[in-house]
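Structure representation (structure tokens):
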């Protein structure tokens with residue numbers, strides 16, 4: 001899958017297309033089935049592949065699956081925009097396709113068997129002017145040979161000019177052949193309309209009241225002064241911080257010379273999983289990933305920081321947020337203009353945000369996380385929204 005994408009991109013000659021072509025060349029709409037592709041990860045027969053995917057618990061590493069999902073999304077997006085519906089053919093316009101965000105990944109089953117084949121399929125389910133939604137599913141046979149649905153993911157991909165990464169390049173539209181396809185396209189279209197609406201992220205009056213009542217309760221426990229007091233069933237959010245730092249080596253680069261998005265998702269997941277496991281002092285299962293944003297490209301040589309916090313808890317569920325940022329000691333003056341320098345001689349630029357919903361397998365009532373500062377209060381409310389939405393989907 002990966003090699004075919006590299007070959008397809010390498011064949012593209014941007015200089016063969018005029019600016020008029022980029023703006024006016026007719027791009028006929030495609031159907032959802034045109035881009036449908038399916039691959040098998042041969043864990044049942046490939047011992048080396050088994051070792052590559054094996055986790056410490058003896059099942060499949062979810063982080064490796066995230067890398068496969070990202071590869072699949074790019075593959076399907078290029079298929080949708082190829083001349084003959086195959087990566088063997090040329091592109092209809094010169095383009096670079098990258099992951100802009102991941103709308104959601106819902107896990108229906110976390111314990112993936114490491115000795116059985118994994119089936120991954122995907123297709124374009126929405127196409128705008130220069131952006132697309134790629135929907136991907138994962139399956140595996142159980143011990144009785146029945147096909148089990150493991151997860152569903154929705155990736156948002158964008159098309160850019162290879163000669164100018166800030167310039168949009170049009171993509172082929174999408175037409176429905178059935179009522180179900182029409183509904184799928186319309187749902188994705190509505191999401192695209194609202195996903196950049198900042199007003200939807202502002203706290204509501206109900207949420208302001210929630211924070212007010214929370215602090216009133218905390219302060220009310222202290223009869224001497226107005227200092228909030230926690231019980232032994234609560235923990236301050238800032239105390240849950242867990243971080244890791246990586247050097248970005250060339251082995252993690254994609255075809256464009258940037259750090260591969262799947263690698264970033266894997267590292268963020270592994271940190272979030274560790275944080276949740278330490279928080280509840282037991283085994284956890286991942287239930288969902290939401291609102292994953294790729295704001296800036298990560299370059300080779302950057303020092304990459306991942307900072308995680310537990311942002312909300314409810315019963316056995318734990319919401320974890322991971323923020324990624326980069327330091328480049330060779331570009332400190334440039335970085336300092338883009339973001340305030342942190343301590344020492346370091347400057348950071350935010351690159352990615354990841355949100356994970358975890359479930360404690362052994363503890364039905366984990367500690368209640370409590371925000372101490374205003375910035376943590378807004379993070380708390382965001383985590384509350386995400387966790388509640390995930391739990392609703394699980395229940396339904």
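Numbering (UniProt numbering), first residue to last: 1 to 396. Glycine included, each C-beta is placed from N, C-alpha and C at the ideal position.
Closest by C-alpha distance to residue i, when choosing among the options
{"i": "residue 113", "options": "80, 65 and 315", "result": "65"}
{"i": "residue 132", "options": "170, 162, 145 and 251", "result": "170"}
{"i": "residue 91", "options": "45, 22, 394 and 249", "result": "22"}
{"i": "residue 360", "options": "292, 315 and 378", "result": "315"}
{"i": "residue 302", "options": "257, 273 and 287", "result": "257"}
{"i": "residue 299", "options": "45, 385 and 252", "result": "252"}
{"i": "residue 356", "options": "239, 41 and 384", "result": "384"}
{"i": "residue 84", "options": "176, 254 and 35", "result": "35"}
{"i": "residue 394", "options": "75, 151 and 135", "result": "151"}
{"i": "residue 284", "options": "274, 179 and 14", "result": "274"}
{"i": "residue 362", "options": "323, 326, 38 and 278", "result": "278"}
{"i": "residue 102", "options": "281, 387 and 264", "result": "264"}
{"i": "residue 242", "options": "204, 306, 254 and 211", "result": "306"}
{"i": "residue 261", "options": "293, 374, 379 and 208", "result": "293"}
{"i": "residue 373", "options": "136, 214, 46 and 2", "result": "214"}
{"i": "residue 370", "options": "286, 163, 238 and 20", "result": "238"}
{"i": "residue 304", "options": "178, 163 and 267", "result": "267"}
{"i": "residue 96", "options": "203, 130 and 67", "result": "130"}
{"i": "residue 55", "options": "8, 111 and 201", "result": "111"}
{"i": "residue 27", "options": "51, 82, 212 and 145", "result": "82"}
{"i": "residue 399", "options": "2, 9, 348 and 349", "result": "The displayed coordinates of the chain run from 1 to 396. Any statement about residue 399 would go beyond what the structure contains."}
Beta-carbon contacts of residue i that lie in its chain and below 6 Å, excluding the five residues immediately before and after
{"i": "residue 344", "result": "Annotation note: pLDDT 41 at residue 344 (below 50); position unreliable, no value reported."}
{"i": "residue 167", "result": "161"}
{"i": "residue 403", "result": "Residue 403 falls outside the range modelled here, since the chain spans only 1 to 396, and no answer is possible."}
{"i": "residue 321", "result": "309, 311 and 355"}
{"i": "residue 222", "result": "229"}
{"i": "residue 381", "result": "203 and 207"}
{"i": "residue 136", "result": "69, 72, 122 and 153"}
{"i": "residue 290", "result": "104, 355 and 386"}
{"i": "residue 38", "result": "121"}
Strand pairing of residue i, partner residues [DSSP]
{"i": "residue 123", "result": "135"}
{"i": "residue 155", "result": "102 and 134"}
{"i": "residue 161", "result": "164"}
{"i": "residue 140", "result": "148"}
{"i": "residue 354", "result": "322"}
{"i": "residue 294", "result": "352"}
{"i": "residue 314", "result": "317"}
{"i": "residue 184", "result": "According to DSSP, which records beta bridges pairwise, residue 184 is partnered with nothing at all."}
{"i": "residue 366", "result": "According to DSSP, residue 366 bridges with nothing at all."}
{"i": "residue 299", "result": "258"}
Own chain residues within Cβ distance below 7 Å of residue i, not counting five before or after
{"i": "residue 58", "result": "114"}
{"i": "residue 139", "result": "119, 147, 148, 149 and 150"}
{"i": "residue 351", "result": "295, 296, 298, 324, 325 and 326"}
{"i": "residue 189", "result": "126"}
{"i": "residue 184", "result": "125"}
{"i": "residue 247", "result": "303"}
{"i": "residue 388", "result": "none"}
Residue i, buried or exposed, once every other Cβ within 10 Å from all chains shown has been counted against 16
{"i": "residue 341", "result": "Since pLDDT at residue 341 reaches only 49, below the 50 mark, its modelled position is unreliable, and no value is offered."}
{"i": "residue 240", "result": "buried"}
{"i": "residue 392", "result": "exposed"}
{"i": "residue 250", "result": "exposed"}
{"i": "residue 377", "result": "buried"}
{"i": "residue 13", "result": "exposed"}
{"i": "residue 195", "result": "exposed"}
{"i": "residue 281", "result": "exposed"}
{"i": "residue 396", "result": "exposed"}
{"i": "residue 276", "result": "buried"}
{"i": "residue 379", "result": "buried"}
{"i": "residue 227", "result": "exposed"}
{"i": "residue 254", "result": "buried"}
Own chain, CB closer than 8 Å to residue i, minus 5 neighbours either side, in chain order
{"i": "residue 368", "result": "233, 234, 235 and 313"}
{"i": "residue 49", "result": "41, 42 and 43"}
{"i": "residue 141", "result": "116, 117, 147 and 148"}
{"i": "residue 70", "result": "99, 155, 260, 261, 262 and 265"}
{"i": "residue 245", "result": "303, 304, 305 and 306"}
{"i": "residue 164", "result": "none"}
Assumed close pair residue i, residue j - CB separation to whole angstroms, cut-off 8 Å
{"i": "residue 63", "j": "residue 269", "result": "5 Å"}
{"i": "residue 173", "j": "residue 127", "result": "5 Å"}
{"i": "residue 353", "j": "residue 318", "result": "About 17 Å separates the two Cβ atoms, so there is no contact after all."}
{"i": "residue 41", "j": "residue 124", "result": "Not quite, the Cβ-Cβ distance comes to about 22 Å (not below 8 Å), so this is no contact."}
{"i": "residue 80", "j": "residue 5", "result": "That belief does not hold up - the Cβ atoms of residue 80 and residue 5 are roughly 13 Å apart, past 8 Å."}
{"i": "residue 134", "j": "residue 176", "result": "Not really, about 17 Å apart at Cβ, beyond 8 Å."}
{"i": "residue 44", "j": "residue 116", "result": "6 Å"}
{"i": "residue 182", "j": "residue 122", "result": "Residue 182 to residue 122, Cβ: 19 Å. No contact."}
{"i": "residue 25", "j": "residue 87", "result": "20 Å between Cβ atoms; not a contact."}
Proximity test, Cβ basis, 8 Å: residue i and chain B
{"i": "residue 217", "result": "The question asks about chain B, but that chain is absent: this structure has only one protein chain."}
The ligand PLP heavy atom lying under 7 Å from the CB of residue i
{"i": "residue 116", "result": "Among the components modelled here there is no ligand, and therefore nothing to report on the ligand PLP."}
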